[in-house]
Amino acid sequence: MVRRNRGCNGLDHVISRRGFTAGGMSAALALPALAASAPHADLRRGHKRILQIYLQGGVSQFESWDPKPGTLYGGPFRAIETSVPGMRICELLPHTAQRMHHLSLVRSVNLKTNDHGVGRKIMERGRRQEGYPYVGAVAAKYFAPTGNPLPGYIHISTRGLIDDTDAFLGPRYAQLRLEGVQPPENIRRLPTVTSGSFRRRNLFRLRLNQRAARRGQTARTDLYNGSFEQAQQLMSRRSLFEKEPPASDLERYGTHFFARNCIFARNLLEQGVTCVKVTHHGYDTHAENFNFHLEQLGEFDQPFATLLDDLHARGLLESTLVVVMSEFGRTPKINRMYGRDHWGASLSVALGGCGIKPGMIVGKTNHQGTEVADREVDGGHLFHTYFQALGLDTTRPHEKPGNPVPIGDPAMAPIDELLA
Amino acid sequence: MTAIDPKQIHQTAEFQHERPLTTCRIDPRGRFVFAGAEDLNIYRWELETGEKTTLSGHESWVRGMDFSADGQWLLSAGWDGRVGWWPLGDRQPQADRLLKAHEGWVRCVRARSDGQLIATCGNDNLVKVWDAGQRETVWELAGHQRHVYSVDFHPGGRFLASSDLMGIVKVWDLQTGKETRTLDASVMTGYDKKFAADMGGARDMRFSTDGQLLACAGVTDVRNAFGGIQGALVLLLDWVTGKPLRQLKDGDYQGVGWGVRFHPAGFLVAAAAHRGGGGVLWFFHPDQEKPFHTFPLKACGRGLDMAPDQKTLVTAQADGYLRVYLMTAQA
Chain C
5 MVRRNRGCNG
15 LDHVISRRGF
25 TAGGMSAALA
35 LPALAASAPH
45 ADLRRGHKRI
55 LQIYLQGGVS
65 QFESWDPKPG
75 TLYGGPFRAI
85 ETSVPGMRIC
95 ELLPHTAQRM
105 HHLSLVRSVN
115 LKTNDHGVGR
125 KIMERGRRQE
135 GYPYVGAVAA
145 KYFAPTGNPL
155 PGYIHISTRG
165 LIDDTDAFLG
175 PRYAQLRLEG
185 VQPPENIRRL
195 PTVTSGSFRR
205 RNLFRLRLNQ
215 RAARRGQTAR
225 TDLYNGSFEQ
235 AQQLMSRRSL
245 FEKEPPASDL
255 ERYGTHFFAR
265 NCIFARNLLE
275 QGVTCVKVTH
285 HGYDTHAENF
295 NFHLEQLGEF
305 DQPFATLLDD
315 LHARGLLEST
325 LVVVMSEFGR
335 TPKINRMYGR
345 DHWGASLSVA
355 LGGCGIKPGM
365 IVGKTNHQGT
375 EVADREVDGG
385 HLFHTYFQAL
395 GLDTTRPHEK
405 PGNPVPIGDP
415 AMAPIDELLA
Chain H
2 MTAIDPKQIH
12 QTAEFQHERP
22 LTTCRIDPRG
32 RFVFAGAEDL
42 NIYRWELETG
52 EKTTLSGHES
62 WVRGMDFSAD
72 GQWLLSAGWD
82 GRVGWWPLGD
92 RQPQADRLLK
102 AHEGWVRCVR
112 ARSDGQLIAT
122 CGNDNLVKVW
132 DAGQRETVWE
142 LAGHQRHVYS
152 VDFHPGGRFL
162 ASSDLMGIVK
172 VWDLQTGKET
182 RTLDASVMTG
192 YDKKFAADMG
202 GARDMRFSTD
212 GQLLACAGVT
222 DVRNAFGGIQ
232 GALVLLLDWV
242 TGKPLRQLKD
252 GDYQGVGWGV
262 RFHPAGFLVA
272 AAAHRGGGGV
282 LWFFHPDQEK
292 PFHTFPLKAC
302 GRGLDMAPDQ
312 KTLVTAQADG
322 YLRVYLMTAQ
332 A
């Protein structure tokens, strides 16, 4: 079982490490060690990461990874060849098609739900039951290096989907959601608050924390501290937010919102964030499915392909698991509004990078794409696969005192043929 | 001659296909009706006999068609990026040519009435003008920033109008290949904040016979683009002033306007699809916002054309039926 270095990483230590109490937030920001852009030494020693691209609303498998041109429900788009002989994907992904040698496809996911929330949770937690942590939280818990000052799990999304991402792992591992390339609101010290006053407030806060801890009131304090700590960590890397991407990046990725988020994701991964999740909205296409997939996947394709290029070129792909997922797919039947509705019975996931054999197709759907025809899997199988690819034994229990909980659903198993 | 009276409209025939239809046209002699469908073919029915013929060649759906000025050729706009020339009267028409015209979908094809030029537009944000005889580009007109949905030649012949997703109508001078002005149809588009996407575009666009009006069928008041919650609309633009003249609609009818035609008698007819199913044919006076008559369709109306006799209408519908109507009293 992979174990994170669980040396002292309490709040006091973290703050002391930053010189927080010595000079307040501004002093912390001035420390050269924190302002340095080079990855922490831990990362060079095999830090494993996850890049999750979440196509929110349910991308159509027909218009992405499992095209069925010329069939009853195939829709208007054609299939194109990819860099993997025999693997064809939808013509809406021409750039990604040329990078499929980095990825594999699972075309046989059956979630048995058509509900957004349920599908999302199964895909994120690998379980149907409530109370389990998301992929990103598990990654942050077991793979985030101790010395890295950034949060372990950052989710870039313009919309807030409320959920308990960390479950019993604790708020330190919860997602920190950013609305694009900008720091969370209210992160900066107000101009009306002097640095001295700010420092005194923080000392007072710490004393209250200590008092609460002595009384055994740790849950809420931890939650608060987690948020505060994450904010501090992000402030220490303000340049991540403030620096306009180089023109060469914008030219390669594009200039729109998702392109900028992909550049940001690359930078965060380089800076040592363990799980970066980028949500691309706009796939819940009950009407005009084809026009909207043209628009949305047209926006997705080039930045994602370029991100794969950069991760590969910088040597990060072999230590970074890349997953493109949705909460479900879309119906084979095209409705009267040229839309496709929710469909959890046969969808696809693309994944690659760390620990995953590239260029594979696992499972298949039938001729018309109406059901899984071979190697049916569920979110639980995928969850096991992600983490076993990273080297985590998902049959072992979480580090949860008193009530061991297996990391992966014991009823499920990894997709062995995908594991490198 | 039997008097034309839209209020007397009634169905006279229907032709079935196993897939939903996407568009339809009647040939200039009124003998055949052609339809696109949610498959890779074009279908031809002979109106008198109902004989069905399949025209195969495109590799994607067809949603735009027109006829050469001499009435010999069917022109098809394929979502495979190609424009087809089909000898429409042949027993089994084969594409004389399927020409790569645009990157991405060709959304519309239109022939000029003098037989000299053909215009196409598509997802590469381009409008192209072709020599009809040589089948070579005369002008490649760049300027739209988003997908171009519709084109139509002004009856005077010198100008071409093109309309895009954002409701921008550009007017091009075909003598110079230059954009001369922009008309504002922005009421026909909307940005859905929740889904972060634009919805709009003229699904059909037609000049009136006298060239004074330009009618655009589509949507307005976009509230939930991904759920199809928006108003169906025909927007009338004044060619002389370039300003929107009137929004023709029926209250809060939610759906999409897919087809529009000017009738020589002075009224307009439009086909619309309701988001909940069903559809309508609306009959408008150009100076009144509300339709003076509404005829319900059995399924969502996705295409509309009028026969040369000016009495017959055809609609392509989402239930796979091509339905034929007469705007006269029933015999």
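Line order of the protein sequences matches chains C and H. The first sequence begins at 5 in the working numbering and counts up one residue at a time. The second sequence begins at 2 in the working numbering and counts up one residue at a time. A virtual CB, placed ideally from N, CA and C, is assigned to each residue, including glycine. Owing to the predicted nature of the structure, the values given are computational and were not obtained by experimental measurement.
- Contact of C:GLY286 with chain H by beta-carbon distance below 7 Å involves PHE196, ALA197, ALA198.
- Remark: C-beta atoms of C:ARG344 and H:GLY278 do not approach each other more closely than 8 Å.
- A Cβ-Cβ separation of about 5 Å places H:ALA198 in contact with C:GLY286 under the 8 Å criterion.
- Rounded to whole angstroms, C:GLY319 and C:GLU331 show a C-alpha spacing of 30 Å.
- Closest in C-alpha terms to H:GLN289, from the list H:THR221, H:LEU269, H:ARG276, comes H:LEU269.
- Taking CB atoms only, H:GLU104 has no neighbour in chain C less than 8 Å away.
- In this structure, H:ALA226 sits near C:GLU292, with a CB-CB distance shorter than 8 Å.
- In the DSSP assignment, H:TYR322 falls within the unbroken beta strand (DSSP E) covering 322-327.
- Between C:ALA171 and C:GLY156, the C-beta gap is not smaller than 8 Å, which leaves the two residues out of contact.
- For the stretch 171-242 of chain C, the continuous beta strand (DSSP E) assignments of 3+ residues that do not extend past its boundaries occur at 180-182, in sequence order.
- Annotation: the stretch 375-413 of chain C contains the following complete segments of the beta strand (DSSP E) (minimum length 3 residues), in chain order: 376-378.
- Chain-order list of chain H residues neighbouring C:THR289: PHE227, by C-beta distance under 8 Å.
- Buried is the label assigned to C:SER112, since at least 16 other Cβ atoms lie within 10 Å of its Cβ.
- Taking a C-beta cut-off of 8 Å against chain C, the contacting residues of the stretch 290-313 of chain H are ALA300, CYS301, listed in chain order.
- By the Cβ criterion, the stretch 255-269 of chain C is not in contact with the stretch 135-142 of chain C, since fewer than three pairs of Cβ atoms, one from each stretch, lie closer than 8 Å.
- Inter-residue distance for H:THR121 and H:CYS109 is about 6 Å (C-alpha atoms, whole angstroms).
- With fewer than three CB-CB distances shorter than 8 Å, the stretch 304-312 of chain C does not count as touching the stretch 204-218 of chain H.
- For H:MET307, the pairing in a beta bridge is given by DSSP as H:LEU314.
- Only GLY61, PRO73 from the stretch 52-73 of chain C bring a Cβ to less than 9 Å from some Cβ of chain H.
- Comparing alpha carbon positions, the residue from H:ASP28, H:ASP115, H:MET307, H:LEU166 closest to H:GLY144 is H:LEU166.
- Residue H:ALA96 holds the alpha-carbon nearest to the alpha-carbon of H:GLU60 among H:ALA96, H:SER69, H:LEU246, H:GLY90.
- Membership of C:GLU128 in the alpha helix (DSSP H) is indicated by the continuous run 120-129.
- With fewer than three CB-CB distances shorter than 8 Å, the stretch 378-394 of chain C does not count as touching the stretch 17-32 of chain H.
- Chain C has no Cβ within less than 8 Å of the Cβ of H:GLU15.
- For C:GLY302, the enclosing alpha helix (DSSP H) begins and ends at 293-317.
- Shown here, C:PHE261 sits in a helix according to DSSP, grouped into three states.
- C:VAL277 sits in coil when the DSSP states are folded into three classes, being neither helix nor strand.
- Within the stretch 329-344 of chain C, contact with chain H at the beta-carbon level (separation under 8 Å) is assigned to ILE338, ARG340, MET341, GLY343.
- Using a Cβ distance threshold of 8 Å, H:TYR322 and H:PHE16 count as a contacting pair.
- By the rule that beta-carbons nearer than 8 Å mark a contact, C:LEU298 touches chain H.
- Residue-level contact check: C:PRO98 does not touch chain H, since none of the beta carbons of chain H fall below 8 Å from its beta carbon.
- Along the stretch 59-93 of chain H, the positions whose C-beta sits under 8 Å from a C-beta of chain C are GLU60, SER61, TRP62, TRP80, ASP81, read in chain order.
- Of the other Cβ atoms in all chains shown, fewer than 16 fall within 10 Å of the Cβ of C:GLU421; this residue is therefore exposed.
- Short of 6 Å from the beta carbon of H:GLY256, and not among the five residues preceding or following it, lie these beta carbons of its own chain, in chain order: ALA233, ALA273, ALA274, HIS275, ARG276.
- Along the stretch 29-42 of chain H, the positions whose C-beta sits under 7 Å from a C-beta of chain C are GLU39, LEU41, read in chain order.
- Here C:VAL282 has ILE57, ILE160, ASN265, ALA269 as same chain residues with Cβ atoms under 6 Å from its own Cβ, once five neighbours each way along the sequence are excluded.
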